[in-house]
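Below is one structure, written out as structure tokens, with a few remarks after it.
Chains as they are written, first to last, in the working numbering: chain A, 1 to 651; chain B, 1001 to 1281.
Quick look at the structure:
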């Protein structure tokens, strides 16, 4: 009964990667429970919840709506399927938006403390970007010191979290036509915390009982993330840790070193990982590692903390979301250092089967069974050294007979900030605009989002991306999608050979891959900035551009917020996993249709990556037609060209 | 949630891990000769029902054309549930009610068109929707009030209501799976097995509990946890149910293999389904 998709091709396969499969097999041999075992135990999953038809917002309930019409059609309060589905979706958006935005606030608070000289281990690395952004939002920089400017910028951005002003600072970056649309719908984001709090208020019983009104506020809540909390996280991280530039790194479980102290940095926030990377080079600690027989200290990344480190420092990355348990099964990890978001509670249980220490660092994310080291930016460098020392001290406990590093690593290129992309193009988006106008590049798609054990790990990310680049569509990736494509070898300049003739030629002339790594999941704000830059260069709204978004393997509430702000910004988005909204025909019809009339973009759900690629190609050609560019009519784009390719993928 | 079983006072704090092992060891899962007339049924433990209604949804989807939750409730005519979680007279009680497949079945006796019949295995009472005239005589005589009347795919006239009730998920069972309602039940309020084995398993559980209460076997250490006994009881119950269900599936395969040697095509086909399932798991 459970709605489990197999991607149309991968029934029964858990992953297409050799490193993951070997570790899954090993976990099963050793009786170690993983995410796939737990999913199986949960199936069949709750039908009401899958459809979004259960509400437990109050104590008159919990309530359910019978989708088959025989049972209740209203909750105790009188809410029907539309209201319940919209309330649940609204709260999911608020949770996702809050997660990114609270991450942004943490960066902002450290940024402010740094400007006041209260931190250790942090400094302004990209002064030019600091001054540029300060000027952009109206802060005087002429003749002022770095810290003076940074203090004013921090104060200005802190005000973004409340309700101090009419709208968020970075809304000024949005093309004028889009801002008018938002104003007309009354969905211009006013304050980051405000929109989230208001969503919690509206979804309380007896407040917003109009599903359309609720969903519009859902867009505003998400926009406060994309153009607010996430954008603040990205921009301030760039100022403090450096704006990414193209860099070669390595990916998959092969990045672990058999004779070194291996430390995996897992989670999302670069605040700690940045100072840990520095601490791992401390001669005293390296010497300590040698005294235990290790040849060095090897820092690797996982999930978006990994992406943050890869983008700025080229630090190797061991895997994405569903690799977090499997990296422990290698038996080669001395410590997994976690901050927050997407860190399964189960990592502590898996780590207990090995010598690996799990070290939690955020006071808002504690893990029973882990060692907690409270992160304090005033003592950042010192705490980072303590953590590295704990990992080194664990090295003698490693059981060498249980170490299995399954494969050799694959190279991938990262570091494509908007600044780096524009830099590669000679300083302006014009060459990209020219290529799109000429039709050598048909358009661009952001493939983003998570992993989900309901799908074969990374299959959808990799196949969808390859079909798109074969169709001369430039692909931008963040988060787990970036790691997936890196493992498949689709993110090196040589992958231009996999692209169609137009995109391939452009990539070769610039020496870039056809799949550009734009960073972590908060860095989807980079995608918004690039889209806005393109729209402004052409003089149109974002929804006129031949762009699309895709979240093929999404699982998290953060992905719901991302999808909503991408659509709210005018970019149609295809989801690979059904969101829990299908219990309301009205909500589905609004999100998959009606929204197009008001924000120029909508959602689609397609689990088959080949059908999703076909759908996206047709959408992009339709947008080209709308701009008066060369286009291929929908009926001339043949289905059979989008069938599964024979080529094998994998690490 | 129900707070006690009929033997709750005895069982609380009395079942031991030793008792669980005894139940597993003593279950009569070997040496019994397979026969089709063994009475397989969905057994109900009403005291375990938490009213989640998952069985109802699973049942309706199982009886849909699409077999897909997100599409099933858009089908016309609507697929219908055949298990009914009926709320009890006091809050937080419920009984998942469904056809008991009586033999002789009163509904079958009174059906004027012969739409109701017994299947070849003898376990199931089935309704042929094409022959149903919606007279509701079956509902009049049903001791359990489990019949509902709805337009149904497969009926002679699409818009006319016909009798709908549990068909025992005969296709799933033919593939070696348990009925959809049982699969969806997370708390073992619904279990599937041969009735005498389920009863024997229950008796073993209860004798373990009684003997423990008498002091004949070691009692569980509660460590001050007032729910320890209750949890032990739950664990024992799950083990018993799993074992009874597993015993049925295992014997069924062995019987199938024998029937195959005798050239019984029907069984052979069913067993192929079972084998495929195992191959992919």
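C-beta atoms are modelled at their ideal positions from N, C-alpha and C, and glycine is treated no differently.
This structure is a prediction, so every number in the text was calculated from the model and none was measured.
**Message:** Along the region 32–60 of chain A, where does the CB come closer than 8 Å to a CB of chain B? Name the residues.
**Reply:** Flagged, chain order: 44, 46, 47, 48, 50 and 51.
**Message:** For residue 453 (chain A), which residues in the same chain have their Cβ closer than 7 Å to its Cβ, ignoring the five residues on either side in sequence?
**Reply:** Position 453 of the first chain, counting from 1, holds the residue named residue 453 (chain A). Excluding residues within five positions, the ones whose Cβ falls inside 7 Å are 35, 36, 39 and 322.
**Message:** With DSSP as the reference, identify every bridge partner of residue 511 (chain A), one or two as the case may be.
**Reply:** Taking the first residue of the first chain as position 1, residue 511 (chain A) is located at position 511. The beta-bridge partner set that DSSP reports for residue 511 (chain A) is empty.
**Item:** Three-way DSSP call (helix, strand, coil) for residue 357 (chain A) in this model
**Value:** Locating residue 357 (chain A) in the first chain gives position 357, where the first residue counts as 1. In this structure, residue 357 (chain A) counts as strand in the three-state DSSP scheme.
**Asked** Of the choices A:301, A:303 and A:286, whose alpha-carbon is the least far from that of residue 295 (chain A)?
**Response** By one-based count along the first chain, residue 295 (chain A) stands at place 295. That would be A:286, whose Cα lies nearest to the Cα of residue 295 (chain A).
**Prompt:** Thinking C-alpha only, which one of A:622, A:196, A:227 and A:146 is nearest residue 182 (chain A)?
**Reply:** Along the first chain, read from residue 1 onward, the residue named residue 182 (chain A) stands at position 182. Taking only the C-alpha atoms, the option nearest residue 182 (chain A) is A:227.
**Prompt:** Should residue 29 (chain A) be flagged as near chain B, meaning a C-beta pair shorter than 8 Å?
**Reply:** Locating residue 29 (chain A) in the first chain gives position 29, counting from the first residue. With 8 Å as the cut-off, residue 29 (chain A) does not count as an interface residue toward chain B.
**Prompt:** Are residue 486 (chain A) and residue 251 (chain A) close, meaning C-beta to C-beta below 8 Å?
**Reply:** Your numbering for residue 486 (chain A) matches position 486 in the first chain. Your numbering for residue 251 (chain A) matches position 251 in the first chain. The answer is yes: Cβ separation under 8 Å.
**Beta carbon proximity, residue 1098 (chain B) to chain A, threshold 8 Å** = Translated into the one-based positions of the second chain, residue 1098 (chain B) becomes position 98. Cβ-Cβ to chain A under 8 Å: no for residue 1098 (chain B).
**Prompt:** When the distance is taken between beta carbons, is residue 315 (chain A) closer than 8 Å to residue 300 (chain A)?
**Reply:** Along the first chain, read from residue 1 onward, the residue named residue 300 (chain A) stands at position 300. Along the first chain, read from residue 1 onward, the residue named residue 315 (chain A) stands at position 315. Residue 300 (chain A) is a Cβ neighbour of residue 315 (chain A), given a cutoff of 8 Å.
**Prompt:** Any residues in the region 1076–1092 of chain B with a beta carbon nearer than 8 Å to a beta carbon of chain A? Which ones, in chain order?
**Reply:** Listed by position along the chain: 1078, 1079, 1080 and 1081.
**Prompt:** What residues in the region 1037–1067 of chain B have a beta carbon less than 7 Å from any beta carbon of chain A?
**Reply:** The residues in question are 1053, 1054, 1057, 1058, 1060, 1061 and 1062.
**Request:** Inspect the beta-carbon positions of residue 41 (chain A) and residue 587 (chain A) and report whether they are closer than 8 Å.
**Result:** Position 41 of the first chain, counted from the start, is the residue given in the question as residue 41 (chain A). Position 587 of the first chain, counted from the start, is the residue given in the question as residue 587 (chain A). Taking C-beta atoms as the reference points, residue 41 (chain A) and residue 587 (chain A) fail to come closer than 8 Å.
**Request:** Counting only the same chain and skipping the five closest in sequence on each side, list residues whose C-beta sits under 8 Å from that of residue 282 (chain A).
**Result:** Taking the first residue of the first chain as 1, we reach residue 282 (chain A) at position 282. Answer for residue 282 (chain A): 385 and 388, listed in chain order.
**Asked** Touching or not, the region 1173–1193 of chain B and the region 1048–1063 of chain B, by the rule of three or more beta carbon pairs under 8 Å?
**Response** Between the region 1173–1193 of chain B and the region 1048–1063 of chain B there are three or more inter-stretch CB-CB distances shorter than 8 Å, so the stretches are counted as touching.
**Item:** Under 8 Å from the C-beta of residue 1070 (chain B): neighbouring residues of chain A
**Value:** Here residue 1070 (chain B) refers to the residue found at position 70 when the second chain is read from its first residue. Here the neighbours are 3, 50, 51, 578 and 582.
**Request:** To the nearest angstrom, report how far apart residue 1069 (chain B) and residue 577 (chain A) are at their CA atoms.
**Result:** Walking along the second chain from the start, residue 1069 (chain B) turns up at place 69. Walking along the first chain from the start, residue 577 (chain A) turns up at place 577. Using only the alpha carbons, I get a separation of about 14 Å.
**Prompt:** Can residue 1045 (chain B) and residue 1145 (chain B) be called in contact, C-beta distance under 8 Å?
**Reply:** One-based indexing of the second chain puts residue 1045 (chain B) at position 45. One-based indexing of the second chain puts residue 1145 (chain B) at position 145. For residue 1045 (chain B) and residue 1145 (chain B), no; Cβs fall outside 8 Å.
**Request:** With a 10 Å radius around its C-beta and 16 neighbouring C-beta atoms as the bar for buried, classify residue 268 (chain A) as buried or exposed.
**Result:** Walking along the first chain from the start, residue 268 (chain A) turns up at place 268. Per the 10 Å Cβ criterion, buried.
**Contact with chain A by residue 1144 (chain B), beta-carbon distance below 8 Å** = By 1-based counting over the second chain, the position of residue 1144 (chain B) is 144. Answer no: the Cβ-Cβ gap between residue 1144 (chain B) and chain A never drops below 8 Å.
**Request:** Determine the burial state of residue 619 (chain A): buried for a count of at least 16 other Cβ atoms within 10 Å of its Cβ, exposed for fewer.
**Result:** To locate residue 619 (chain A), count along the first chain from 1; it is residue 619. With 16 or more other CB atoms across the displayed protein chains lying within 10 angstroms of its CB, residue 619 (chain A) is buried.
**Prompt:** For a contact meaning CB atoms closer than 7 Å, what does residue 67 (chain A) contact in chain B?
**Reply:** Taking the first residue of the first chain as 1, we reach residue 67 (chain A) at position 67. Going along chain B in sequence order, the residues near residue 67 (chain A) (Cβ under 7 Å) are 1073.
**Stretch pair the region 1098–1114 of chain B + the region 93–103 of chain A: three plus CB contacts closer than 8 Å** = These segments do not touch.
**Asked** Which runs of the beta strand (DSSP E) fall wholly inside the region 261–317 of chain A and span at least 3 residues, in chain order?
**Response** As far as the region 261–317 of chain A is concerned, its whole beta strand (DSSP E) runs of at least 3 residues are 261–267 and 297–302.
**Length of the line joining the Cα atoms of residue 370 (chain A) and residue 380 (chain A)** = Position 370 of the first chain, counted from the start, is the residue given in the question as residue 370 (chain A). Position 380 of the first chain, counted from the start, is the residue given in the question as residue 380 (chain A). Each residue's Cα considered, the two are about 20 Å apart.
**Request:** Name the two residues that bound the continuous alpha helix (DSSP H) containing residue 578 (chain A).
**Result:** As a first step, residue 578 (chain A) must be located in the first chain, where it is residue number 578. Residue 578 (chain A) -> no alpha helix (DSSP H), and no H or E assigned at all.
**Message:** Can you tell me where the alpha helix (DSSP H) holding residue 1066 (chain B) begins and where it ends?
**Reply:** To locate residue 1066 (chain B), count along the second chain from 1; it is residue 66. Looking at the DSSP string, residue 1066 (chain B) is not in any alpha helix (DSSP H), and its letter there is neither H nor E.
**Asked** So what does residue 473 (chain A) bridge to, in DSSP terms?
**Response** By one-based count along the first chain, residue 473 (chain A) stands at place 473. Answer is A:443, bridged to residue 473 (chain A).
**Asked** So what's residue 418 (chain A) in DSSP terms, helix, strand or just coil?
**Response** Here residue 418 (chain A) refers to the residue found at position 418 of the first chain. In the structure shown, the three-state DSSP call for residue 418 (chain A) is helix.
**First through last residue of the alpha helix (DSSP H) which encompasses residue 620 (chain A)** = As a first step, residue 620 (chain A) must be located in the first chain, where it is residue number 620. Run containing residue 620 (chain A): 609–626, per the alpha helix (DSSP H) assignment.
**Request:** Please report how far the alpha carbon of residue 352 (chain A) lies from the alpha carbon of residue 186 (chain A), in whole angstroms.
**Result:** For the purposes of this step, residue 352 (chain A) is taken as the residue at position 352 of the first chain. For the purposes of this step, residue 186 (chain A) is taken as the residue at position 186 of the first chain. Approximately 52 Å, taken between the alpha carbons.
**Request:** Please confirm if residue 172 (chain A) has its CB atom under 8 Å from at least one CB of chain B.
**Result:** Here residue 172 (chain A) corresponds to residue number 172 of the first chain, with the count starting at 1. Residue 172 (chain A) has a beta carbon lying at 8 Å or more from every beta carbon in chain B.
**Item:** DSSP bridge partner residues for residue 1094 (chain B) (one or two, in chain order)
**Value:** For the purposes of this step, residue 1094 (chain B) is taken as residue 94 along the second chain, with counting starting at 1. According to DSSP, which records beta bridges pairwise, residue 1094 (chain B) is partnered with B:1087.
**Request:** Using alpha carbons as the reference points, say which of A:115, A:636 and A:498 lies closest to residue 145 (chain A).
**Result:** Reading the first chain from its first residue, position 145 is the one you call residue 145 (chain A). With respect to the C-alpha of residue 145 (chain A), the residue from A:115, A:636 and A:498 having the closest C-alpha is A:115.
**Message:** So, with DSSP's three-state summary, where would you put residue 240 (chain A)?
**Reply:** Against the first chain, residue 240 (chain A) aligns to sequence position 240. Three-state result, residue 240 (chain A): helix.
**Request:** With 8 Å as the C-beta to C-beta threshold (strictly closer), list the residues of the region 1184–1216 of chain B near chain A in chain order.
**Result:** For the region 1184–1216 of chain B, the beta-carbon criterion of a distance under 8 Å to any beta-carbon of chain A is satisfied by 1184.
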